[in-house]
Amino acid sequence: MGLDIRIPIGSLFVLIGVLLAGYGLLSDPGIYQRSLGIDINLWWGGALLVFGFGMLVLAWRAASIRARAAAVPQDLSDSPS
Numbered sequence: 102m103g104l105d106i107r108i109p110i111g112s113l114f115v116l117i118g119v120l121l122a123g124y125g126l127l128s129d130p131g132i133y134q135r136s137l138g139i140d141i142n143l144w145w146g147g148a149l150l151v152f153g154f155g156m157l158v159l160a161w162r163a164a165s166i167r168a169r170a171a172a173v174p175q176d177l178s179d180s181p182s
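Counting from 102, one number per residue, gives the positions in the sequence shown under our numbering.
In structure tokens:
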């Protein structure tokens, strides 16, 4: 099988999460007065990072399972041993 869809999805969410969290960390705290002082960009950037890394971990785990399954020799003969 080819490319696991979780790799590009996870990478995209990690990239956007880093950008959004970085903006939240570096931006002026005054712009968050309308949101009761909550740094929405930082929180959502963190949520996107968690989701993106979760997708990448699941893709890595699936690749590991596929590699282990491919390494195990399968005896398909019908003769008893």
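Even for Gly, the Cβ is constructed at its ideal location relative to N, Cα and C.
Computed from a predicted structure; not experimentally measured.
- Sixteen is the threshold: when 16 or more other Cβ atoms of the shown chains lie within 10 Å of the Cβ of residue 121, as they do, the residue is buried.
- Taking 9 Å as the cut-off, the Cβ atoms of residue 145 and residue 131 do not count as close.
- Between residue 123 and the set 136, 134, 111 and 149, the nearest pair of CA atoms involves 149.
- Within its own chain, the residues whose Cβ lies closer than 7 Å to the Cβ of residue 159, once the five positions on either side in sequence are excluded, are 107, listed in chain order.
- For residue 109, the enclosing alpha helix (DSSP H) covers residues 107 to 127.
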